Each structure stands twice: as structure tokens, then as C-alpha cells.
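A.B. asks:
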Amino acid sequence: MTLELRDVSKRFTGIVAVDHVSFQARAGEVTGYLGPNGSGKSTTMKMITGLIEPSDGEILFDGQPIRNDLLGFKRRMGYVPEEPHLYSHLSGLEYLIMVGQLRDLPTRPTAERIDGLLRLLSLHGDRHVPMSSYSKGMRQKVLLSAALLHNPDLVLLDEPFSGLDVSTSLVLRSLIQELAARGKVVLFSSHELETVERVCSHVVILHRGKVVADDSIERLRTLMALPTLEEIFSQLAVEQDTVAVSREIADLIRA
Amino acid sequence: MDAELLAASARGDASQLFGQFAALLVFLSVGSLWGAGMYAGTVRTPAEALAGAWSQEHSMLTMTMLVVGIFAVFSWDSTFPDRRDVLVLAPLPVRGRTLFTAKIAAVATALGLTVLVLNGLSAFAWALALAPDGVGILGNLRFIAAFWVALPSAGIFLYCAILGVQGVVAQLSRRWYLRASSFLQIGAFGLILGVFLLEPSFTTAKALGAAENQRVLAWLPSYWFLGLVNALSGAYPDSAMTSLARRAVAGLAIAIFFAGGAYLLSYFRTLRKIVEEPDILPGAHGGMWLPRFGSSPKTALAQFAIRTLGRSRQHRMNLAFYVGVGFALVTLIITPVEDAKRLAGIDVLRQAMNVPMLLASLMVLCLCVLGTRVSFSRPLDLRANWLFRMMPMRGGEVCLSATRRALLALSVFPVCVGCAVLFLRYWPWVAVAKHLLLFGLFGGLLVELLLIGFRKIPYTCSYLPGKSKIHVMVLASVALLPLALINCVEFERWVTADWLLYGAAAAMLAGAGFAVRRYTSRDLELSGEIQFEEFAADELIGLGLE
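Chains as they are written, first to last, in my numbering: chain Y, 323 to 577; chain P, 25 to 570.
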């Protein structure tokens with residue numbers, strides 16, 4: 323099983339958000355998808371999920387273009403979006419039941435699975451509470467549960483650690499690796515380079531909509547003769563002299 | 025009309041909606057202007073002139089109070105800062121006082137514009153038409169001034185009274201305030217509409233002075249301000265009017281004092297409470313149980329619609345508006361029947377298939393179905409729609425079927441049950457069953473008709489209020505709905521007299537419902553996908569060439 327992007331581009335009224343991006347994410351490994359703000363990561367994720375259509379190129383899963391059978395593809399995919407936008411008048415439990423029903427999953431096993439996920443993610447006590455009063459981390463846990471509820475073959479995680487507490491972050495870190503070890507394709511986008519370095523075996527770095535690196539972290543380290551992913555990333559995707567900018571900001575607010 | 029409805033996230037077209045409201049108010053004002061011209065051109069006796077003047081003054085006051093009352097109900101909460109205001113502005117060096125003052129200024133401007141647009145033309149024209157002959161320019165100016173003091177005063181009185189109630193309730197914990205608000209808002213709306221439609225008419229000196237009417241007059245603010253107009257204009261001096269004018273001044277002072285006091289209390293307490301207290305506390309019990317509505321995806325969508333309507337205050341208010349109008353019209357239909365029973369001992373309601381009850385039930389059914397369908401069109405949170413967009417769901421047919429079932433469950437079913445319970449008290453069960461069968465089939469047909477072209481999941485599609493053409497809808501409903509329903513009732517009475525005709529009518533309704541349903545399904549097959557945006561994205565892409 324492989325997720326493959328071939329020459330995928332996305333243009334928004336004259337602005338090229340994603341520019342001829344090609345890479346593969348394979349089953350059994352965690353692919354990190356990195357890039358500065360505005361580099362096109364979330365746009366790529368939305369194209370893979372079918373939320374927006376590519377302007378050019380092809381997205382394939384398991385060797386088949388996803389547009390040939392988009393419904394079939396959606397059945398096999400789980401997605402945690404960047405922003406935790408949920409229907410906040412529903413409780414966590416109601417939301418997950420609704421997701422299960424929309425996916426047409428069998429009622430009883432799904433109810434047991436939801437119960438288990440809520441317990442393991444420490445949400446069981448708040449399962450009847452409307453999500454309007456959930457913290458960002460709790461919402462993120464609901465999104466994660468909804469994404470995994472149907473045991474997807476492809477897991478797309480867009481900033482999944484956002485708002486999570488330390489212990490849940492550690493659980494999620496292990497979970498990502500466990501999912502990959504069980505043969506799933508995991509595409510994982512994050513700004514937390516340290517986490518990416520620990521979790522991912524393969525990274526794709528995006529800069530201004532274009533892929534500037536696509537390799538294993540190990541090979542990138544060797545090729546670029548740099549010890550950490552942070553330094554690799556800085557060299558490939560950071561244009562500013564960060565120290566100089568921070569000095570300028572401090573000077574500016576003092577003036 | 026409603027802050028969330030017009031929020032940027034909902035892509036509400038505020039200017040267009042306000043423009044349409046203004047057009048509706050200007051239309052009323054111009055219509056009134058025409059009436060003033062007609063009135064001025066006729067010759068009448070002094071007694072007729074007096075009754076005409078008081079009747080018109082009273083109708084302008086009640087209309088102003090209705091419009092301001094609806095404004096106050098729909099802008100419930102907007103005078104108080106909300107959580108977003110506090111969280112955004114509190115870290116900035118903005119004083120609480122500034123925040124409150126800005127809120128009051130915004131509301132006062134909107135309120136002032138509403139009264140001005142409604143009465144801008146008519147208040148001048150009627151003042152000139154109603155002024156007694158021979159009062160001269162100064163007398164006319166005094167009449168105009170009296171109008172322009174009394175009309176805004178009536179509006180301010182009502183707005184302050186409602187604001188004061190809100191201020192008092194705001195002293196409760198934040199959670200209880202929000203819970204109580206939803207009931208109070210609907211209650212206030214029903215009260216304002218009910219008073220407007222059912223208020224007795226006392227526009228002669230005899231009726232105003234009668235001892236038996238004094239208790240009722242003491243509770244009807246519109247008559248207090250009628251007294252104020254007359255006391256200020258000095259055109260038709262009357263002792264009863266003077267006493268009512270005193271009551272108006274006292275009422276206005278109390279309302280302003282009450283609202284000011286409650287508002288000041290909130291000034292000291294609400295800001296802190298908004299930040300410290302959660303809007304909703306953890307529930308100890310399970311969620312709301314709902315039945316299944318067919319397959320799992322259909323169940324999910326129908327239950328989503330029912331839960332949204334049950335929990336979203338904004339959508340409940342949309343529905344309450346229609347239901348409130350329905351019940352007010354029902355009261356208007358039933359009251360004369362009850363009066364006749366009291367006076368002549370004729371119990372019309374106990375006669376099977378009587379016109380008032382048939383008409384009342386049809387009126388409530390139509391407005392409930394229409395109100396629910398309209399509420400389905402308003403989005404709840406567009407940003408959360410990604411969930412439905414990425415579900416492996418074969419869109420259109422599932423969605424249409426779920427929407428149909430939700431609409432039936434939320435409107436036709438409860439109205440049928442309510443009617444069955446009520447009618448069984450008055451009619452033999454055969455008559456009730458005969459009516460309910462036709463009634464249910466009519467409800468089903470209405471649902472099918474309202475779903476033509478609907479390719480949305482309830483509460484998820486962006487909504488442009490300007491598109492609803494509310495001014496045209498309101499006028500068409502007022503003019504056409506009662507007329508159409510009276511014909512329906514006559515038809516029902518005719519067919520229920522004969523079993524053959526009855527069977528044919530039932531078959532006709534069922535057939536019509538089925539035909540519309542097939543048409544809608546075929547239309548859906550042709551045009552396919554679920555709609556999440558009121559307007560599709562532009563096909564043309566700008567090249568950005570300079």
C-alpha cells in the first residue's frame with residue numbers, strides 16, 4: 323500500500339500554493355511532511371482527503387487514482403485536520419457516534435470501540451458534555467478518535483499534537499509508530515521537528531509549494547552533513563537569519 | 025437580526041438583509057402615508073374625527089412597539105458583552121465602561137434608525153391629517169412634536185423593559201442565565217406578538233373612561249403612550265387620556281431606571297462572570313435519546329438536524345418566530361368563537377369539522393413546517409462542515425431522505441399528535457381520524473414541496489439572508505396564506521361529507537405527494553452533489569496581470 327502524489331499542483335486565483343509536488347508514503351513507515359507556514363502542507367493534506375481538488379497532477383492510493391473511486395478511498399482514510407473545528411453543540415460521544423453512522427459502521431462494535439477510545443484517551447468522564455466546553459486538547463482527542471474509529475489504512479495527521487498534554491502527546495507519539503508497524507500508511511505533518519525526528523523514518527520538506535527534500539532522515543543527515551533535522555530544515559526551508567530577526571524585533575519594540 | 029446569522033463565518037449578507045428590512049418598514053410607512061392622504065380628504069363629524077385620530081395614533085404606537093419588541097428579542101444578549109468580546113478586548117487596555125458604552129451606542133443607533141424608518145414619513149403625514157381644523161401652523165407643529173416624543177418613548181419603554189429583565193437574569197450564574205435566556209426570549213416574543221394581535225380596542229372617550237376597562241388599560245402600555253400623544257398635542261383633551269399620559273411618563277421612568285440599574289449591576293458583575301464561569305457545565309446523565317431514521321447515515325443526518333434545532337438558540341428562535349405567528353393567528357381565529365359561546369351559548373368548537381379548528385390546525389401545521397424548513401437553511405458552523413465533506417457517503421439521496429424524515433419528525437408529527445389530543449376532546453374519534461389522515465397527507469405534501477431543489481444537509485450550507493427576500497415573503501404570506509387555507513378547509517369539509525369524495529381526496533393528496541417526491545429525486549439524480557455553498561466558486565480565475 324502506497325500513497326503517491328504525482329506532479330500535484332494547486333493554484334488559487336493566481337497564487338500557486340502547491341507546485342508540482344511528487345512523493346510517496348509507504349505502508350509500514352511514518353512519513354513526515356514538513357514546511358514553514360504557508361508552504362502548502364495543509365493544502366496538500368486537503369487535496370489528499372478530497373476536500374479540495376488538485377489543479378494538476380494525480381494522487382494515487384494503492385496504485386489507483388483516488389478520483390476514480392473517491393468514496394472507496396474515503397472509507398480507507400482517517401484524517402485529523404489542522405484546526406479542531408467540531409460541531410460544538412454535540413457531546414464527544416454523540417459526535418463519535420455520528421461519525422460511525424456516517425461511515426455506516428456496525429452499531430454495536432462501533433459503540434464498544436468508541437467507549438474504548440474515550441477511556442484510553444481520558445475523555446470518558448466528559449463524554450456527555452457538549453464539546454463547546456472542551457479544551458483544545460480534548461477536541462484534538464475527539465478528532466483523533468474519529469479518525470481512527472474505522473481502522474483506516476491511510477492515516478493523515480495535520481498537526482495532531484496541537485493542544486495535547488504531555489502524557490497524551492507521548493501516547494500519540496507511540497501510537498503513530500504502532501499504526502505504521504501494523505502496516506498502515508501514515509502521513510504526518512508537524513512543526514515539532516524533535517517529534518518528527520523521533521517518530522518518522524522518512525521526511526518530505528516543502529518550501530514555497532515545492533518539494534526541497536524527500537528522503538529518510540538518516541540519508542539526509544549523511545548527505546547534508548548536518549547532525550539534526552532542525553539544522554537540515556533550517557538550511558532547506560528557513561530563509562531568514564533567525565537570530566538577526568529576533569534582535570530586530572527586540573530593538574523595534576524598545577524604540 | 026441576529027449576530028451569529030450575520031457573522032462573517034456564516035457569510036451573511038448583512039447590508040442586503042438590513043436593506044430588505046428597511047424596505048419592509050418603508051413600505052409600511054408609505055402605505056400609512058397613502059392612508060393619511062385618504063383620511064385627510066374625507067369629511068367627518070367631531071366624534072368620528074376623535075375616534076379616527078385615537079385609533080390611528082394607537083395603531084402607529086402598537087406597530088412601533090411591535091417592531092422595537094421584535095428587534096429587542098432578536099438582539100437579545102447583544103447589549104451585554106459576550107465571551108468573545110471579553111477574551112479579545114480584556115487583554116487590551118480597553119475599559120469595561122468603554123465596552124458597555126459602545127454596546128449601548130450600537131443598539132441605540134439601530135433602534136433609532138428602526139423607529140425613524142418606520143415612522144419617518146407617516147408620523148409627519150398623520151400628524152397633519154389628524155390635527156383638528158383651525159389649529160394653525162403652531163398647532164400642527166405641536167402635533168408633530170407630540171408624535172415624535174411619544175413614538176420613540178414607547179419604543180424606549182419596551183426596549184428598556186426587556187433589557188431590564190435581561191439584566192436581572194444576568195445576575196444568575198452564567199450557565200443559568202444562558203438557559204433562562206432561551207425561554208425568556210421565546211416568551212417575550214410570544215407576549216409581544218400576542219399583545220399586538222389581541223389587544224382590545226378602546227378608542228372612544230366612553231371606552232377609555234369606563235370603570236370596567238381601567239384594570240385592562242393599566243396593563244396595556246400602548247394606551248399609556250396614546251395618552252401621552254394626546255396630552256402633548258393638546259388636540260383632543262380628555263381626563264382619561266391625561267391619566268394614561270401620567271402612567272406613560274411613570275412607566276417610562278421606571279423602565280429606564282430598572283434597565284439602567286440592572287445594566288449597571290451587570291457592568292460590575294457580568295464581565296468577571298463571563299471569563300470565570302463556563303457556559304455549560306458537565307452533564308451528569310446520558311445524552312438525548314433519539315429514534316433511528318433508517319440506515320445509519322440517514323440516522324446520523326436526521327439526528328444531527330434534530331439535536332441542532334434542540335440546542336441552538338438561534339435556530340430555535342427562527343422556528344419560534346413562525347410558531348409564534350401561527351399560535352397568534354390561531355388565537356385570533358378561536359377568540360371570536362369563544363366569545364360567541366359565552367354570549368349566545370353556541371359551542372362551535374364541539375361541532376365536528378368546524379371551520380375555526382380546521383383552519384387553526386392547518387395554520388399551525390403550515391407555519392411549523394415552513395419554520396423548520398427555513399431553520400434548516402441557516403448554517404450552524406461552516407468551519408465544521410469538513411466532516412460531512414470527507415465522509416464516504418453517497419450524498420444526495422441519503423441526505424434528501426434524512427432531511428425529509430427530520431422535517432416530518434420535527435414539524436408534521438408533533439403537530440399531528442397535538443391536534444389528535446386536542447381534537448379528541450371536542451370531536452368523535454371518526455371525525456378526528458378522518459381529519460388527521462388528510463392533515464398528515466397534506467403535511468407530507470407540504471414537506472415534499474419545500475424540499476424541491478434542497479440539496480443540503482440541514483444547518484451546514486452557507487446562507488445569504490438577502491436571498492430570502494423577506495419583505496416579499498412576509499407580504500405574500502400575510503396576503504395569501506389565510507386565503508389559501510380557508511379554501512383548503514372548505515374543500516376538506518366538502519369531501520368529508522361523502523366517503524367516496526373523501527377517498528378520492530386522500531388518494532389525490534397521496535398521489536401529489538408521491539409525484540413531487542419522484543420529481544425531487546429525479547432532479548437530484550440529474551444535479552447530484554450535496555451543496556455546502558449558496559453560490560458555487562467562480563469558474564473564472566483572475567490572472568492578476570497588471
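Glycine is no exception: its CB is placed at the ideal position from the N, C-alpha and C atoms. All of these numbers come straight from a predicted model, not from anything done at the bench.
1) When we look at the beta-carbon of R239(P) and count the other beta-carbons within 10 Å, is it buried (16 or more) or exposed?
2) Cα separation between A27(P) and G442(P)?
3) So, do the region 411-427 of chain P and the region 320-337 of chain P have three or more beta carbon pairs nearer to each other than 8 Å?
4) Please classify F51(P) as buried or exposed, where buried requires at least 16 other C-beta atoms within 10 Å of its C-beta.
5) Can you tell me which of L154(P), M532(P), F148(P) and L432(P) puts its alpha carbon nearest to the alpha carbon of I330(P)?
6) What does a CB cutoff of less than 7 Å around F181(P) pick up in its chain, not counting 5 residues either side in sequence?
7) Give me the Cα-Cα distance between V488(Y) and R495(Y), rounded to the nearest whole angstrom.
8) Chain Y partners of A408(P), CB-CB under 9 Å?
9) For a minimum of 3 consecutive residues, which ranges assigned as the beta strand (DSSP E) are wholly contained in the region 340-382 of chain Y?
10) List the residues of chain P whose Cβ lies closer than 7 Å to the Cβ of Q423(Y), in chain order.
11) Residues in the same chain with beta-carbon distance under 6 Å from L268(P), minus the five sequence neighbours each way, listed in chain order, please.
12) Can the beta-carbon of L473(P) be found less than 7 Å from the beta-carbon of V540(P)?
13) Suppose you measure from the CA of L140(P) to the CA of L123(P); what does that come to, to the nearest Å?
14) Suppose the cutoff is 6 Å on Cβ atoms and the five residues either side in sequence are ignored; what does the same chain contact list for S410(Y) look like?
15) Leaving out five residues before and five after G191(P) in sequence, what residues of the same chain have Cβ atoms less than 7 Å from its Cβ?
16) Which residues in the same chain as N378(P) place their Cβ atom closer than 7 Å to its Cβ, once the five residues preceding and following it in sequence are excluded?
17) Give me the chain Y residues within the contact set of S399(P), using Cβ-Cβ distance strictly less than 9 Å, ordered along the chain.
18) With a cut-off of 8 Å on the beta carbons, I'd call V388(P) and F351(P) a contact; round off their distance for me.
19) Which residue's Cα is closest to the Cα of D448(Y): D391(Y), R397(Y), Y417(Y) and S491(Y)?
20) For V131(P), which of L142(P), P105(P), L49(P) and E516(P) has the nearest alpha-carbon?
21) Out of P428(Y), V330(Y), V464(Y) and T432(Y), which one is the CA nearest neighbour of L445(Y)?
22) Identify which residue in M84(P), W78(P) and L353(P) has its Cα closest to the Cα of S53(P).
23) Check whether the Cβ of R340(P) lies closer than 7 Å to any Cβ atom in chain Y.
24) Does DSSP put K463(Y) in a helix, in a strand, or in coil?
25) Hey, how far is the Cα of V451(Y) from the Cα of L443(Y)?
26) According to DSSP, is R449(Y) helix, strand or coil?
27) Measure the CB-CB distance between D475(Y) and R398(Y) and report whether it falls below 7 Å.
28) At least one CB of chain P closer than 7 Å to the CB of D573(Y): is that the case?
29) Would you give the residue range spanned by the beta strand (DSSP E) that L528(Y) belongs to?
30) Using a Cβ-Cβ distance under 7 Å, would L393(Y) count as near chain P?
31) Who are the near neighbours of M312(P) in its chain, counting only those whose CB is closer than 8 Å to its CB and skipping five residues on each side?
32) Report, in whole angstroms, the separation of the C-beta atoms of V533(Y) and V526(Y), which I expect to be a contact under 8 Å.
33) Check this for me: beta carbons of G467(P) and V436(P), under 7 Å apart or not?
34) If I measure Cβ to Cβ from L471(Y) and keep anything under 8 Å in the same chain, skipping five residues before and after, which residues do I get?
35) Tell me where the alpha helix (DSSP H) around R428(P) begins and ends.
36) What do you get for F345(P), buried or exposed, if any count of 16 or more other CB atoms within 10 angstroms of its CB means buried?
C.D. replies: From the atom records:
1) Its Cβ having fewer than 16 others within 10 Å, R239(P) is exposed.
2) Residue confidence for A27(P) is low, a pLDDT of 39 falling below 50, so the modelled location carries little weight and cannot support an answer.
3) Cβ pair count under 8 Å is three or more, so yes.
4) So F51(P) counts as exposed.
5) Comparing Cα positions, the closest option is L432(P).
6) Closer than 7 Å at the Cβ level, and outside the excluded window around F181(P), lie P245, G275, L276 and A279.
7) When only Cα atoms are considered, V488(Y) and R495(Y) end up about 10 Å apart.
8) Those are H407, L408, Y409 and S410, listed as they occur along chain Y.
9) Qualifying beta strand (DSSP E) stretches, in chain order: 352-356.
10) The answer, in chain order, is S320, P321, T323 and A324.
11) Correct list, in chain order: Y247, W248 and G251.
12) Yes.
13) Those two C-alpha atoms are separated by around 26 Å.
14) The answer, listed in chain order, is M453 and S454.
15) For G191(P), the CB contacts under 7 Å within the same chain, skipping 5 residues up- and downstream, are A283, A286, Y287, L289 and S290 in chain order.
16) For N378(P), where only same-chain residues beyond five positions count, the Cβ hits under 7 Å are V372.
17) Neighbours of S399(P) on chain Y: none; closest Cβ ~14 Å, over 9 Å.
18) Indeed they touch by this definition, with Cβ atoms about 7 Å apart.
19) Selected option, being the one with the closest Cα: Y417(Y).
20) Comparing Cα positions, the closest option is P105(P).
21) Taking each of P428(Y), V330(Y), V464(Y) and T432(Y) in turn and checking the Cα distance to L445(Y), the smallest one comes out for V464(Y).
22) It is M84(P) whose Cα lies nearest to the Cα of S53(P).
23) Taking 7 Å as the threshold, the shortest C-beta distance from R340(P) to chain Y does not fall below it.
24) For K463(Y), the secondary structure class from DSSP, reduced to helix, strand or coil, is helix.
25) Rounded to the nearest angstrom, the two C-alpha atoms are 15 Å apart.
26) The DSSP-derived three-state label of R449(Y) is coil.
27) For the pair D475(Y) and R398(Y), the CB atoms are nearer than the 7 Å cut-off.
28) Not one chain P Cβ lies under 7 Å of D573(Y).
29) Unbroken beta strand (DSSP E) run through L528(Y): H524 to H529.
30) Yes, because at least one Cβ of chain P sits closer than 7 Å to the Cβ of L393(Y).
31) Excluding residues within five positions, the ones whose Cβ falls inside 8 Å are R331 and G334.
32) Confirmed, about 6 Å.
33) Note that the C-beta distance between G467(P) and V436(P) is below 7 Å.
34) Within the same chain, L471(Y) has close Cβ partners G400, L418, V421, G422, R425, L427, T432, R435, I436 and L439.
35) That run of the alpha helix (DSSP H) goes G419 to L431.
36) Classification for F345(P): buried.
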